[in-house]
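Engineer: One structure follows; several queries about it will come next.
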Amino acid sequence: MNGESIELEDETIMFKNEVESEKIEKTERSQIKRLPQRGEYDRQEIYQILDEGLICHVGFGVNGQPFVIPTAYGRVDDRLYIHGSPASRMLRTLKTGIEVCVTVTLLDGLVLARSAFHHSMNYRSVVVFGTASLVEREEEKWEALKAFTEHIIPGRWAEVRQPTHQEVTGTLVLSLPLTEASAKMRSGAPSDDEADYALPVWAGELPLKMTPLPPIADPRLAPNTPLPDYVQGYGRSSN
Ligand SMILES: Cc1cc2nc3c(=O)[nH]c(=O)nc-3n(C[C@H](O)[C@H](O)[C@H](O)COP(=O)(O)OP(=O)(O)OC[C@H]3O[C@@H](n4cnc5c(N)ncnc54)[C@H](O)[C@@H]3O)c2cc1C
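Structural data, given as structure tokens:
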């Protein structure tokens with residue numbers, strides 16, 4: 007629908023964290039152009055979105071062909087880590103040091119307007135630019151592997167079998183510095199045309215949240231293995 011893309015760029019005021027923290031410097035390519043008031047360069051707010059997300063999309067070009075590949079990730083301080091098989095085209099390509107663009111999107115709700123045109127979504131998203139490098143130092147690789155597990159489900163790393171030497175060496179880990187990044191957010195009610203507010207059409211927000219369903223034990227679970235608290239109480243939202 008044509009109108010959606012336009013409405014998504016409306017003037018709704020964004021939620022802002024009041025705590026001041028370091029800003030990531032804007033560059034020509036990370037500068038939000040449309041509705042810059044929705045943009046955020048606060049490092050901690052960017053980290054909050056990255057930490058709440060589960061999946062990133064990695065965009066890169068090979069001989070003029072763009073690829074956007076969804077994958078897991080982890081963050082340690084000011085570095086984003088992605089990992090996988092040494093056979094992965096994405097990892098093999100990125101380790102050559104080509105430019106990469108990584109995005110993370112959190113969908114917070116559907117925005118139902120009185121007109122089709124002004125339907126929208128509430129979201130928080132991050133775009134990161136840079137070049138990734140191969141993690142070779144054993145200690146850093148280990149830390150990244152821990153971050154992947156803890157990013158998915160905090161508390162898990164300490165409980166599970168640690169990776170073997172073979173598993174570690176058989177995994178490629180790339181590190182992307184979080185030095186060039188932007189966040190963008192939309193929240194709040196729809197923004198209808200003034201004349202449409204009189205229409206008898208329900209309008210408002212349908213908040214969406216990722217919530218777990220009851221866990222399903224592996225049929226081969228060792229007898230009397232308790233369900234960990236971190237599974238029972240799992241949730242991702244920071245709000
Ligand atoms: C769930 C969702 C749905 C959306 N739906 C639409 C839609 O239907 N139509 C539409 O036009 N837009 C939509 N957007 C917004 C879209 O992501 C862009 O922000 C928008 O296209 C404006 O781009 P631009 O031309 O101003 O900037 P661009 O020139 O495309 O971007 C300039 C720079 O701004 C930053 N930036 C732009 N967008 C984002 C972002 N979302 N998060 C973090 N940094 C960003 C990046 O650093 C980028 O390089 C949606 C966003 C989300 C998260």
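Counting along the sequence shown from 1, when you hit position 15 you're at 21 in my numbering, and nothing is skipped either side. The beta-carbon is built from N, C-alpha and C at its ideal position, and this holds for glycine as well. Model, not experiment: these values are computed from the prediction.
Under three-state DSSP, which class holds D199?
Structural biologist: Three-state result, D199: coil.
Engineer: With 16 other CB atoms within 10 Å as the buried threshold, where does S36 fall?
Structural biologist: So S36 counts as buried.
Engineer: Please identify the residue among Y203, P234, L214, L212 whose C-alpha is closest to the C-alpha of I222.
Structural biologist: The shortest C-alpha separation from I222 is found at P234.
Engineer: In chain order, what residues of the same chain have a beta carbon less than 6 Å from the beta carbon of T155, not counting five sequence neighbours either side?
Structural biologist: Once the five neighbours on either side are set aside, the close Cβ partners of T155 are R162, W163.
Engineer: Starting from E28, trace the alpha helix (DSSP H) in both directions and tell me its first and last residue.
Structural biologist: From DSSP, E28 is part of no alpha helix (DSSP H); its letter is neither H nor E.
Engineer: When DSSP builds the beta bridges, which residues end up paired with S188?
Structural biologist: According to DSSP, which records beta bridges pairwise, S188 is partnered with V133.
Engineer: Since L97 contacts L212 with CB under 8 Å, what's their CB separation in whole angstroms?
Structural biologist: Actually they do not touch by this definition, with Cβ atoms about 38 Å apart.
Engineer: At a cut-off of 7 Å, would you count A189 as near ligand 3, judging by its Cβ distance to the nearest heavy atom?
Structural biologist: Ligands present in the displayed structure are limited to ligand 1, and ligand 3 is not among them.
Engineer: Counting along the chain, where does the beta strand (DSSP E) carrying Q71 start and finish?
Structural biologist: It spans 71-78 - the beta strand (DSSP E) in which Q71 sits, taken as one unbroken run.
Engineer: Starting from the C-beta of V141, find all residues in its chain whose C-beta is less than 8 Å away, skip the five residues before and the five after it, and write them out in chain order.
Structural biologist: Cβ within range, chain order: Y87, K147, A150, V179, L180, S181.
Engineer: Less than 8 Å separating the beta-carbons of T77 and V64?
Structural biologist: Closer than 8 Å, so yes.
Engineer: T111: beta carbon under 7 Å from a heavy atom of ligand 1?
Structural biologist: Yes, the beta carbon of T111 sits closer than 7 Å to at least one heavy atom of ligand 1.
Engineer: Go ahead and pull the three-state DSSP assignment for E142.
Structural biologist: DSSP places E142 in coil when its eight states are reduced to three.
Engineer: For Q54, count neighbouring Cβ atoms within 10 angstroms of its own Cβ and tell me buried if that reaches 16, exposed if not.
Structural biologist: Buried.
Engineer: Are there any heavy atoms of ligand 1 lying less than 7 Å away from the beta-carbon of R35, as far as the coordinates show?
Structural biologist: Yes, the beta carbon of R35 sits closer than 7 Å to at least one heavy atom of ligand 1.
Engineer: Please state the DSSP three-state secondary structure of H125.
Structural biologist: If DSSP states are grouped into helix, strand and coil, H125 belongs with coil.
Engineer: DSSP beta-bridge partners for P234?
Structural biologist: None; P234 has no bridge partner.
Engineer: Between the alpha carbons of P72 and C107, how many angstroms are there, rounded?
Structural biologist: One C-alpha to the other measures close to 11 Å.
Engineer: Thinking C-alpha only, which one of K101, V134, F123, G59 is nearest G241?
Structural biologist: Closest option to G241, Cα to Cα, is G59.
Engineer: Per DSSP, what kind of secondary structure is Y87 in: helix, strand or coil?
Structural biologist: The answer is strand: DSSP assigns Y87 an E or B state.
Engineer: Given this structure, state the Cα-to-Cα distance separating G103 from E186, to the nearest angstrom.
Structural biologist: Straight-line Cα distance between these residues: approximately 16 Å.
Engineer: Check whether the segment 201-210 and the segment 164-174 touch, using three or more Cβ-Cβ pairs below 8 Å as the test.
Structural biologist: Short answer: they don't touch.
Engineer: According to the Cβ coordinates, are S188 and Y47 closer than 8 Å?
Structural biologist: Yes, these two residues count as a Cβ contact at 8 Å.
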